[in-house]
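What the sequence shown shows, in the numbering used here, is residues 1 to 246, in sequence order. Note that beta-carbon positions come from the ideal geometry of N, C-alpha and C, so glycine has one too.
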Amino acid sequence: MVPILVVKVGTSTLLSRHEAPMGTFEVIANSIISLRERYRIVLVTSGAIGFGVVQAGIGMRPTEIAKLQALSMMGQVGLLRRWREAFDPLAIGQVLVTRADLERQASSDSFRQSVGQLWEYGAIPILNENDAVSNDEISFGDNDQLAAEVAVAIGAQHLILLTDQDGIRSDFGTMSERRIPEISVEDVSKHLTTAGSLVGKGGALSKVQAARIALEVGIEVVIAHAASPNSIQDALAGKIGTKLVQ
Numbered sequence: 001m002v003p004i005l006v007v008k009v010g011t012s013t014l015l016s017r018h019e020a021p022m023g024t025f026e027v028i029a030n031s032i033i034s035l036r037e038r039y040r041i042v043l044v045t046s047g048a049i050g051f052g053v054v055q056a057g058i059g060m061r062p063t064e065i066a067k068l069q070a071l072s073m074m075g076q077v078g079l080l081r082r083w084r085e086a087f088d089p090l091a092i093g094q095v096l097v098t099r100a101d102l103e104r105q106a107s108s109d110s111f112r113q114s115v116g117q118l119w120e121y122g123a124i125p126i127l128n129e130n131d132a133v134s135n136d137e138i139s140f141g142d143n144d145q146l147a148a149e150v151a152v153a154i155g156a157q158h159l160i161l162l163t164d165q166d167g168i169r170s171d172f173g174t175m176s177e178r179r180i181p182e183i184s185v186e187d188v189s190k191h192l193t194t195a196g197s198l199v200g201k202g203g204a205l206s207k208v209q210a211a212r213i214a215l216e217v218g219i220e221v222v223i224a225h226a227a228s229p230n231s232i233q234d235a236l237a238g239k240i241g242t243k244l245v246q
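Structure follows, in C-alpha cells:
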C-alpha cells in the first residue's frame with residue numbers, strides 16, 4: 001500500500017511580514033512533486049486571509065470574525081492561483097473542509113472518496129478550512145489541528161508541519177541555540193513555559209495539540225522549516241526539524 005503523507009504549511013511561512021507572497025510556494029511544490037512516486041500526498045494550506053488583506057488594500061488585519069471570513073473568501077482565490085502556478089503543469093484540486101465535516105461519518109466518507117479520486121486523476125489535493133461556515137482555525141491554530149484531523153480521516157502515516165523555524169529549538173536566541181531532533185509532546189509543553197524555545201509563528205500550542213491528535217492513532221509527526229529545497233524529504237529522513245513522539 002502506498003503510504004499517505006499530509007503536508008501542512010502555515011500563513012507566516014507563505015507570507016512575509018507585510019503579508020505579500022514569497023517564493024516558498026515553488027520550493028514546497030517541487031518537494032511534493034519529487035515525492036509523488038513514493039507517497040499519496042495532501043497539502044493543507046493556510047494564507048487565504050493574508051491574501052485577502054492584500055487584495056482589500058487594508059493596512060491591518062482585523063479581529064472581527066465576520067471580516068476575517070470575508071477576507072478569507074476573497075484571498076482563497078489568489079492563494080489557490082498561486083499554488084496552481086507553483087505546481088504547473090501538474091493538476092491540483094481544491095478541497096474546502098471543516099473539522100465538523102470530518103467528524104460526521106457520511107461527510108467524512110465522501111471526503112475520503114473525493115480525495116482518493118483526485119489522486120487517481122494524478123492531481124494534488126489542496127485543502128483549507130471552509131472559513132465561510134467555520135471559524136475554528138481562524139480563532140486558533142492556523143490549520144494545524146485541521147491538518148491532524150485530515151491525516152486521521154484519510155489514514156495517513158505521516159504529518160509534516162512546515163513552518164518558518166527549523167523545528168523546536170532549545171536556548172533560542174543564544175549562542176547555545178540548537179535544534180531538538182526528537183521530543184515528546186509532554187516535554188514540548190514544558191518548553192512552552194520558558195523563553196528559550198520557539199516553534200514557528202503559527203503557534204507552538206496549536207502544533208502540540210495537532211500532534212496529540214495524530215500521535216493518538218500512530219501517525220508520525222514532524223515540525224520542520226519550509227525554506228529548504230528538500231524540506232519534506234529531509235524532514236521524513238530526520239535531517240531537519242523535530243519529530244514529536246508520545
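Asked	Found
Identified DSSP bridge partners for lysine 8	Val44, Leu161
Burial state of tyrosine 39, where buried means 16 or more other Cβ atoms lie within 10 Å	buried
Residue burial classification, threonine 63 (beta-carbon count within 10 angstroms, cutoff 16)	exposed
Of the listed residues Glu177, Gly203, Ala156, nearest to glutamate 216 (C-alpha basis)	Ala156
Alpha helix (DSSP H) segments (min. 4 residues) lying fully within the region 202–226	204–215
As assigned by DSSP and simplified to three states, the class of isoleucine 154	coil
Inter-residue Cα distance where the pair is glycine 93 and serine 206	26 Å
At least three beta-carbon pairs within less than 8 Å, the region 124–139 to the region 161–173	no
Beta-carbon proximity check, glycine 241 vs isoleucine 223, cutoff 7 Å	yes
Cβ pair isoleucine 4, isoleucine 154 closer than 7 Å	yes
Assigned exposure category for serine 31 - 16 Cβ within 10 Å defines buried	buried
Min CB distance arginine 112 to chain D below 7 Å	Of the protein chains in this structure there is only one, and it is not chain D.
For valine 2: DSSP bridge partner residues	The partner list for valine 2 (beta bridge, DSSP) is empty, contrary to what the question assumes.
N-terminal and C-terminal residue of the beta strand (DSSP E) that valine 94 is part of	First, the amino acid is wrong: residue 94 is glutamine here, not valine. Residues 92–97.
Arginine 178, buried or exposed, once every other Cβ within 10 Å from all chains shown has been counted against 16	exposed
Where the alpha helix (DSSP H) containing lysine 67 begins and where it ends	65–87
CB contact flag (phenylalanine 87, alanine 29, <7 Å)	yes
Cβ-Cβ separation, glycine 23 to serine 52 (assumed contact under 8 Å), whole Å	Reading off the sequence, residue 52 comes out as glycine, not serine. That belief does not hold up - the Cβ atoms of glycine 52 and glycine 23 are roughly 20 Å apart, past 8 Å.
Spatially closest choice to glutamate 149 from His225, Ser228, Val97, by CA coordinates	Val97
Three-way DSSP call (helix, strand, coil) for leucine 198 in this model	Here leucine 198 scores only 39 on pLDDT, less than 50, and its place in the model is too uncertain to base an answer on.
Inter-residue spacing [alpha-carbon to alpha-carbon] between glutamate 103 and alanine 226	29 Å
Per-residue DSSP class, three states only, for asparagine 128	strand
Sub-7 Å separation of valine 44 and asparagine 143 beta-carbons	yes
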